[in-house]
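Those protein sequence lines, which keep their order, are chains A and B. First residue of the first sequence? That's 1 in this note's numbering, and the numbers climb one at a time after it. First residue of the second sequence? That's 144 in this note's numbering, and the numbers climb one at a time after it. All C-beta atoms, glycine included, are put in the ideal place defined by N, C-alpha and C. Reading through the structure tokens given below for one structure.
2 protein chains.
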Amino acid sequence: MTTPTADQIATLGAAFQAFVRRYKLADAGRSERPLNELDVQTLLYVAQNPDCGPTDIARYLGLAVTTISSATDRLAKRGLLERHRIEGDRRAVALRLSEDGAARAAAQSNAYDALNRTMLARLAPDERDAFIRMVAKIACHED
Amino acid sequence: MTTPTADQIATLGAAFQAFVRRYKLADAGRSERPLNELDVQTLLYVAQNPDCGPTDIARYLGLAVTTISSATDRLAKRGLLERHRIEGDRRAVALRLSEDGAARAAAQSNAYDALNRTMLARLAPDERDAFIRMVAKIACHED
DNA sequence: CACAGATATGACGAAGTTCGGATTATTCAA
DNA sequence: TTGAATAATCCGAACTTCGTCATATCTGTG
């Protein structure tokens, strides 16, 4: 298989750089005092995996367990997340979102969806499936 | 124009999530003690804009000037960046990369290129230009 | 059952980061 | 000349990550 040309690589790099930059500056203009990036990731993980523990999150995100402990502390202090002692192993805690936390997680999800919607809307309708297929091919490739 | 379907958005979101996650975990396993993300951005900006000042970088990245001052401090302390007093305005400093700094910037650029090359290599040769065109369309769209 | 070792979590502190406010030096304009 | 604006840095507060240690609990072995 032929390899990508230097020109293709440069063009793609420039486009990504423009995209990332635009996205960052856009989301910088948010009104509410925004959550930490780690806290957002934690919130979303707990939303997807209710009753998980800090160790699960740490393994998933590749961070120190104590870092996750801090994150769950912050989230709990803000009333977004609850720690429950679970039967069967009283060392462990089961993390769940509060109603506010679930709302926040949903809002975050919607923001991601809106971003994706915007991206797709810039393509012609008949390009969209092709684009999605290619991104999936790139992201899910095994090696 | 028809809007993207919920299914398309969900699929794209999942693919992006997989991609970002894979990329993050991969680059976490780096050997050298890595530079701060901000420091990398600063390094690359100075590489592209020699003799710029901290204020330029701050405006470009949307951060406080003092934050950039800290970043340039760190880079200067590591010998990657030099501050020069410039004729014409003795308040200003002109930032330039040292030889080591330029090498580091080039290495970082190469890493980005390698990532882009990997992504393109996962597509069939006749898909690549279409993909690049679509990404550019999404990134460079005005609004 | 007793107990050594593994495991889940939290407490605490060190090191590093961002950023607002004050400070210094310099330029510009009236 | 003098006062306002500008470029950069210094300083300190608040926050984050993470290593080390402490605590509680489970698990398996004899």
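Quiz prompt | Residue burial classification, Leu168 (chain B) (beta-carbon count within 10 angstroms, cutoff 16) | solution = Here residue 168 (chain B) is taken as the residue at index 25 of the second sequence, counted from 1. Exposed: under 16 other Cβ atoms inside 10 Å.
Quiz item: For Leu266 (chain B), which of A:Glu142, A:Leu123, A:Asp73 and A:Met119 has the nearest alpha-carbon?
Solution: To locate residue 266 (chain B), count along the second sequence from 1; it is residue 123. Looking at the Cα atoms, A:Glu142 is the closest of the given residues.
Quiz item: Who are the near neighbours of Ile68 (chain A) in its chain, counting only those whose CB is closer than 6 Å to its CB and skipping five residues on each side?
Solution: Numbered from 1 along the first sequence, position 68 holds the residue referred to as residue 68 (chain A). Same-chain partners within the cutoff: Pro54, Ile57 and Ala58.
Self-check item: For Ala47 (chain A) and Asp157 (chain A), the rounded distance between their alpha carbons
Solution: As shown, chain A starts at 1 and ends at 143. That puts residue 157 (chain A) outside it, with no answer to give.
Exercise. Anything in the stretch 147 to 158 of chain B with a Cβ closer than 7 Å to a Cβ of chain A? List those residues in chain order, please.
Key: Pro147, Gln151, Ile152, Thr154, Leu155, Gly156 and Ala158
Quiz prompt | Proximal chain A residues relative to His284 (chain B), where beta-carbon distance stays under 8 Å | solution = Against the second sequence, residue 284 (chain B) aligns to sequence position 141. Here the neighbours are Arg122.
Quiz item: Residues bridged to Glu230 (chain B) by DSSP?
Solution: Position 87 of the second sequence holds residue 230 (chain B). Glu230 (chain B) pairs with nothing; no bridge assigned.
Quiz prompt | Element boundaries [alpha helix (DSSP H), containing Leu187 (chain B)] | solution = Sequence index remark: in the second sequence, residue 187 (chain B) carries index 44 (1-based). Element bounds for Leu187 (chain B): Glu180 to Gln191.
Exercise. Using alpha carbons as the reference points, say which of A:Leu81, A:Gly101, A:Ala139 and A:Leu120 lies closest to Leu95 (chain A).
Key: What you label residue 95 (chain A) is simply residue 95 of the first sequence in a count that begins at 1. Among A:Leu81, A:Gly101, A:Ala139 and A:Leu120, the Cα nearest to that of Leu95 (chain A) is on A:Leu81.
Self-check item: Cβ pair count under 8 Å reaching 3, the stretch 101 to 117 of chain A against the stretch 254 to 262 of chain B
Solution: no
Practice problem: Compute the Euclidean distance between the alpha carbons of Thr209 (chain B) and Thr2 (chain A), then round it to the nearest angstrom. | Solution: Residue numbering aside, residue 209 (chain B) sits at position 66 when the second sequence is read from its first letter. Residue numbering aside, residue 2 (chain A) sits at position 2 when the first sequence is read from its first letter. About 47 Å.
Quiz item: Using the beta-carbon count (16 or more within 10 Å), is Gln184 (chain B) buried or exposed?
Solution: Residue 184 (chain B) sits at position 41 when you count from the first residue of the second sequence. Per the 10 Å Cβ criterion, buried.
Quiz prompt | C-alpha gap between Arg164 (chain B) and Tyr45 (chain A), whole angstroms | solution = One-based indexing of the second sequence puts residue 164 (chain B) at position 21. One-based indexing of the first sequence puts residue 45 (chain A) at position 45. Their Cα atoms are separated by approximately 13 Å.
Quiz item: Going straight from the alpha carbon of Ala273 (chain B) to that of Thr148 (chain B), what length do you get?
Solution: The count along the second sequence starts at 1 and reaches residue 273 (chain B) at position 130. The count along the second sequence starts at 1 and reaches residue 148 (chain B) at position 5. Their backbone Cα atoms lie some 21 Å apart in a straight line.
Quiz prompt | Sequence-distant residues of the same chain with beta carbon closer than 8 Å to Asp51 (chain A), five excluded per side | solution = Taking the first residue of the first sequence as 1, we reach residue 51 (chain A) at position 51. Within the same chain, Asp51 (chain A) has close Cβ partners His84, Ile86, Ala94, Leu95 and Arg96.
Quiz item: Going by the CB atoms, is the gap between Leu43 (chain A) and Leu75 (chain A) shorter than 8 Å?
Solution: Walking along the first sequence from the start, residue 75 (chain A) turns up at place 75. Walking along the first sequence from the start, residue 43 (chain A) turns up at place 43. Contact: yes.
Exercise. Just mark Asp39 (chain A) as buried or exposed, buried being the case when its beta carbon has 16 or more other beta carbons within 10 Å.
Key: Walking along the first sequence from the start, residue 39 (chain A) turns up at place 39. Result: buried.
Quiz item: With C-beta atoms as the reference, is Leu120 (chain A) less than 8 Å away from Gln151 (chain B)?
Solution: Numbered from its first residue, the first sequence carries residue 120 (chain A) at position 120. Numbered from its first residue, the second sequence carries residue 151 (chain B) at position 8. Yes.
Quiz item: Going along the stretch 21 to 46 of chain A in order, which residues come within less than 8 Å of chain B, judged by CB to CB distance?
Solution: Arg22, Lys24, Leu25 and Ala28
Self-check item: Arg90 (chain A) burial status per 10 Å Cβ neighbour count (16 or more: buried)
Solution: Sequence index remark: in the first sequence, residue 90 (chain A) carries index 90 (1-based). Under this definition Arg90 (chain A) is an exposed residue.
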